[in-house]
Amino acid sequence: MSVLELRDSQDCRYEAVGLGEVMLRLDPGDFRVRTARSFTAWEGGGEYNVVRGLSRVFGLPAAVLSSFVDDEVGRLIEGFILAGGVDNRWIHWAKSDGVGRNAYNGLNFTERGFGVRGAKGVSYRGQTAISQVRPQDFDLDELFGRQGVRWLHTGGIFAALSEQSAETALAVMKAAKANGTRISYDLNYRPSLWSSIGGQDRAREVNRELAKYVDVMIGNEEDFTAALGFEVEGVDENLTTLPIEGFRNMINQVAQEFPNFSVIGTTLRTVHSASNNDWGAVAWSRETGLVQATHRVGLEIMDRVGGGDSFASGLVYGLLTGQGLQQAVELGAAHGALAMTTPGDTSMVTGAEVAKLAGGGSARVDR
């Protein structure tokens, strides 16, 4: 049973569009950033990763709204985007001044972590082209009106890049909503991004305003408390037990204050070490109430970055294809689990592998 009414696919060029920053991720592999002498390059970004999964893993037509400086690094990132099957025609290109004084392309050095050593990221994104992009830099009438988009995904990372980013997010979400596009939003609270533009108070102000236009809200317990100001009661502070009742109480509060939320989804993670987590998810809709995905205890992890984005991607895919909330949250949890078994922000698995794991499949060898 479909949880959401959606625009007809025949009327839309794109199933999904992502609004956000795409950075060049530089991965030191088995080394640390401070000791590496070579890096593997990937692309990644909280909002982009979701639509990239919808495109490459699940085979849906997708595009990205982003901005890059028109230089060699910008074109390198564009190449990764094209390899992910994501349409690049809505990218805004900023003129290069040759030294990055006015704007530059974002860099993200990320080491994966192992055992007792957690993953660590060092990013350079303070004056990136996307942080300065304005609504008029995109032809929103053409995209959402004449071309047609069934689903827009964006989130709190993009909104936190600058004051301009928050304004752009609001304008794009309004344009999407006016044309019948469904909107998902991942709160993705990052204290470091908000510290210089008003801190947690500003994060709550921005996110609560944007939340008025959201159909599917995604986040973990910290996101809902820090970015929206809700309290989670009955949750073990170390998350050593499955906090299902705490989330049920929180979701009831959230749904009451934001009646426009048709679906609320959240991951459940208990961190035993950087390479061993308990992993699961819950989702809620007004029709079904709270449903829970298979909880995977002791999940072995190669690279946890992007696991939450892949959860969002699987959840959105299930909702876009009318598979019902229980199946949608199973697909999200399975996709997130599988994405964390490979390096890089983006998923390297197939839709068939996600469906197999979501349906109870094992890690036995396929021959």
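If you read the sequence shown in the UniProt record's numbering, its first letter stands for residue 1, the second for the next number, and so on.
All C-beta atoms in this analysis are idealised placements derived from N, C-alpha and C, irrespective of residue type, glycine included.
Owing to the predicted nature of the structure, the values given are computational and were not obtained by experimental measurement.
Item	Value
Can you tell me whether residue 254 is buried or exposed, with buried defined as 16 or more other CB within 10 angstroms of its CB?	buried
Hey, how far is the Cα of residue 6 from the Cα of residue 213?	15 Å
Taking the C-alpha atoms as reference points, what is the distance between residue 256 and residue 40?	46 Å
Are the region 44 to 61 and the region 314 to 321 touching by the rule of at least three beta carbon pairs closer than 8 Å?	yes
Helix, strand or coil, according to DSSP, for residue 287 in the structure here?	coil
Between which two residues does the alpha helix (DSSP H) holding residue 170 run?	163 to 178
Just how far apart, CA to CA, sit residue 71 and residue 295?	45 Å
With residue 300 as the anchor, note down where its beta strand (DSSP E) starts and where it stops.	296 to 300
On the three-pair Cβ rule with 8 Å, is the region 342 to 355 touching the region 283 to 295?	no
Which residue wins for smallest C-alpha separation from residue 194, given the options 161, 331, 265?	161
Where residue 242 and residue 209 are concerned, what is the direct C-alpha to C-alpha distance, given to the nearest angstrom?	Below a pLDDT of 50, predicted positions are generally treated as unreliable, and residue 242, at 49, falls in that range; the measurement from the model is reported next regardless. So the alpha carbons of these two residues sit roughly 31 Å apart.
Return the CA-CA distance between residue 258 and residue 172, expressed in angstroms with no decimal places.	20 Å
Between which two residues does the beta strand (DSSP E) holding residue 108 run?	107 to 111
Would residue 31 be called buried (16 or more neighbouring beta carbons within 10 Å of its own) or exposed?	exposed
Pair every Cβ in the region 62 to 76 with every Cβ in the region 14 to 21, then say whether three or more of these pairs are closer than 8 Å.	yes
Report yes if the CB atom of residue 229 is closer than 9 Å to the CB atom of residue 189, and no otherwise.	no
With DSSP as the reference, label residue 95 as helix, strand or coil.	coil
Which runs of the beta strand (DSSP E), 3 residues or longer, sit entirely within the region 290 to 360?	296 to 300
Looking at the structure shown, is residue 277 part of a helix, part of a strand, or coil, going by DSSP?	strand
Using 9 Å as the threshold, is the C-beta distance between residue 110 and residue 121 below it?	yes
Take residue 117 and list the residues in its own chain whose beta-carbon comes closer than 7 Å to its own, dropping the five residues that flank it on each side.	274
In three-state terms, what does DSSP make of residue 141?	helix
Is the beta carbon of residue 167 sitting closer than 9 Å to the one on residue 134?	yes
For the region 338 to 346 against the region 42 to 52, do three or more pairs of beta-carbon atoms, one drawn from each stretch, fall closer than 8 Å, so that the two count as touching?	yes
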